[in-house]
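Contents: one structure, followed by commentary.
Protein chains: 2
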Amino acid sequence: MADSNDTLSVSERIRLDIERQILSGGLKPDDRIPLERELMEIYDCSRMTVNKAVSELASRGLIVRRKRAGSFVAHPPSDSTILDIPDIRLDLERKGHTYGYELLHRSVRTAKGPEEGALAGKGGRLIELRGIHRADGQPFGHERRLVSLAAVPEIEHEDFAGTPPGTWLLGHVPWSQAEHRIFAVGADVGIAAHLEISEGTPCLMLERRTWLNGVPVTHVWQTFPGDRHSFIGALTRRQA
Amino acid sequence: MADSNDTLSVSERIRLDIERQILSGGLKPDDRIPLERELMEIYDCSRMTVNKAVSELASRGLIVRRKRAGSFVAHPPSDSTILDIPDIRLDLERKGHTYGYELLHRSVRTAKGPEEGALAGKGGRLIELRGIHRADGQPFGHERRLVSLAAVPEIEHEDFAGTPPGTWLLGHVPWSQAEHRIFAVGADVGIAAHLEISEGTPCLMLERRTWLNGVPVTHVWQTFPGDRHSFIGALTRRQA
DNA sequence: TCTTTTAATATGTATAGACATAATAGAAGA
DNA sequence: TCTTCTATTATGTCTATACATATTAAAAGA
Numbered sequence: 147m148a149d150s151n152d153t154l155s156v157s158e159r160i161r162l163d164i165e166r167q168i169l170s171g172g173l174k175p176d177d178r179i180p181l182e183r184e185l186m187e188i189y190d191c192s193r194m195t196v197n198k199a200v201s202e203l204a205s206r207g208l209i210v211r212r213k214r215a216g217s218f219v220a221h222p223p224s225d226s227t228i229l230d231i232p233d234i235r236l237d238l239e240r241k242g243h244t245y246g247y248e249l250l251h252r253s254v255r256t257a258k259g260p261e262e263g264a265l266a267g268k269g270g271r272l273i274e275l276r277g278i279h280r281a282d283g284q285p286f287g288h289e290r291r292l293v294s295l296a297a298v299p300e301i302e303h304e305d306f307a308g309t310p311p312g313t314w315l316l317g318h319v320p321w322s323q324a325e326h327r328i329f330a331v332g333a334d335v336g337i338a339a340h341l342e343i344s345e346g347t348p349c350l351m352l353e354r355r356t357w358l359n360g361v362p363v364t365h366v367w368q369t370f371p372g373d374r375h376s377f378i379g380a381l382t383r384r385q386a
Numbered sequence: 147m148a149d150s151n152d153t154l155s156v157s158e159r160i161r162l163d164i165e166r167q168i169l170s171g172g173l174k175p176d177d178r179i180p181l182e183r184e185l186m187e188i189y190d191c192s193r194m195t196v197n198k199a200v201s202e203l204a205s206r207g208l209i210v211r212r213k214r215a216g217s218f219v220a221h222p223p224s225d226s227t228i229l230d231i232p233d234i235r236l237d238l239e240r241k242g243h244t245y246g247y248e249l250l251h252r253s254v255r256t257a258k259g260p261e262e263g264a265l266a267g268k269g270g271r272l273i274e275l276r277g278i279h280r281a282d283g284q285p286f287g288h289e290r291r292l293v294s295l296a297a298v299p300e301i302e303h304e305d306f307a308g309t310p311p312g313t314w315l316l317g318h319v320p321w322s323q324a325e326h327r328i329f330a331v332g333a334d335v336g337i338a339a340h341l342e343i344s345e346g347t348p349c350l351m352l353e354r355r356t357w358l359n360g361v362p363v364t365h366v367w368q369t370f371p372g373d374r375h376s377f378i379g380a381l382t383r384r385q386a
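Laid out in structure tokens, this is it:
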């Protein structure tokens, strides 16, 4: 079971050995992994060292520990994946494209209706921004964004000529919680004209709401023509 | 800084106290958190107890630890989210719908072309399945799936009349790695007819490739009309 | 035979001490 | 002044020990 990698600490080696066996299918759900005492002997170390490795696996959800019984490979959670939804500017520039943002509309006003009320509070003030993201000069996607002025008052003095609002917010609101929804729509007349596609062209729409410390910050709708953008999810564990 | 919750262990309390301060914005990126010695005194416990809490935060990526300098709040990684991509049957039944799968096509053959070759190996055998997912009797989505017979030989004796292949695989292939891609397409003639929508209707397409222990298992394309399905991503950390 | 009690067991958490290692501030030297 | 060395500092890892707690197997009793 032991490995021959010398740069790792003992507890990391134990953790990785077991993790690899679980992820490779060598250990299946409900299989028991060796007891702490047994691992102590296998790796010739103390129980605290074993415990650190095995506790880490438990906290990551790969195993379940039961007193008096031992540690067992967990049943993987239902399928989920980590989806990368990067800032558009960063993403494009990383891929070697030039990026541009063209502001179409900017207005400061009071919140109307339930959707805007949820963001800024009933009668609260918000800023609405609409613009086009460009990659190498070509229209890449459309963005409509509402930002609560209560949450980000300094945004009122920013004109966003050239700077995309997403990038600006990244620099002004540290850490946050977000909720995403991804669906397919046909481009409406207005958006189609700006993106230089025909009405009804299948587009990916990403809706995102962001909170900072429980306070709503922004609500965005980004529209990308189906042939210009997709979202890619990395590895994941699986199964109910 | 201390909390008054008695059911938690000391190290959990330390971890949660700090975690809350980071996520709430009370501690910002590059801020230093108290040294281990200081936390020992604040929580009246030993260094190992503090170390367990703080190491856990480091392993979760919330803080960065530097010898001789201290521990600092990390810069959140670029925007990513955990997207829930559940088994369709489980998802619909959980939401109170009846679920049905209608098999349209089933064939066993050898792999042709680079895409199929990547799955089953050049000249390797695979099974191709096409079918319709139904919610409350109505067409909900179309699925085309290739499965490597080398990876899952027992699938050859399964006829999938009624059982969706995804659910069947869930029960036969434990743990796995997957790669997802989500994009928007217009429904083609064949799929449109089966889904009872018009050609070109915007659809969400989910492409998924799955491996077990590095061996390719299955490659799926699922097509959902834009008005019938979306993907929802939960909370996340943020920022480059 | 069935129920209750007891003892054994594996994990959960915590301690104090030890030595290693990386990074730096400051001292010593050129 | 600039470079080099050294001591200090905070974290990284590990050990041996201790007691708590949940669970279960076995013993004791009805």
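In the order they appear, the protein sequences are chains Y and U.
The first sequence begins at 147 in my numbering and counts up one residue at a time.
The second sequence begins at 147 in my numbering and counts up one residue at a time.
Note that the Cβ used here is the ideal one computed from N, Cα and C, for glycine as well.
Using a Cβ-Cβ cutoff of 9 angstroms, what residues of the segment 286 to 304 of chain Y are near chain U? List them in chain order.
none
Go through its chain and collect everything with a Cβ distance to residue 244 of chain Y's Cβ below 6 angstroms, but skip five positions before and after it.
282
Please report the residue range of the alpha helix (DSSP H) in which residue 201 of chain U lies.
193 to 205
Is there a Cβ of chain U sitting closer than 8 angstroms to that of residue 376 of chain Y, yes or no?
yes
Under 8 angstroms between the Cβ atoms of residue 348 of chain U and residue 331 of chain Y?
yes
Buried versus exposed call for residue 147 of chain Y [16 or more other C-beta atoms within 10 Å across all chains shown]
At residue 147 of chain Y the pLDDT is 44, less than 50, meaning the model places this residue with poor confidence; the figure from the coordinates comes in the next sentence. It counts as exposed.
Can you check which of these residues, U/316, U/272 and U/276, is closest to residue 252 of chain U by C-alpha distance?
U/276
As an exercise, report each continuous beta strand (DSSP E) stretch of at least 3 residues that is fully enclosed by the segment 244 to 282 of chain Y, in chain order.
245 to 256 and 271 to 281
Looking at the secondary structure, which residues open and close the beta strand (DSSP E) in which residue 182 of chain Y lies?
Premise fails: residue 182 of chain Y lies in the alpha helix (DSSP H), 182 to 189, not in any beta strand (DSSP E).
Tell me the DSSP secondary structure of residue 343 of chain Y in three-state form.
coil
May I have the straight-line CA-CA distance separating residue 180 of chain Y from residue 254 of chain U, to the nearest angstrom?
42 angstroms
Under 8 angstroms from the C-beta of residue 358 of chain Y: neighbouring residues of chain U:
171
If you compare alpha carbons, which of U/157, U/290 and U/216 is closest to residue 190 of chain U?
U/157
Residue 183 of chain U versus U/172, U/177 and U/197, residue with shortest Cα-Cα distance
U/197
Chain U contact residues for residue 349 of chain Y, given Cβ-Cβ distances below 8 angstroms
330 and 348
Verify the CB distance criterion: does residue 207 of chain U have a CB-CB separation below 8 angstroms to chain Y?
no
What does residue 263 of chain Y reach in chain U if we use C-beta pairs closer than 7 angstroms?
The premise fails here: residue 263 of chain Y is roughly 22 angstroms from chain U at the closest Cβ pair, so nothing lies under 7 angstroms.
Considering just the uninterrupted stretch of the beta strand (DSSP E) at residue 361 of chain U, what are its terminal residues?
361 to 371
In the structure shown, what three-state DSSP assignment does residue 156 of chain Y receive?
helix
Where does residue 374 of chain Y sit, in a helix, a strand or coil, going by DSSP?
coil
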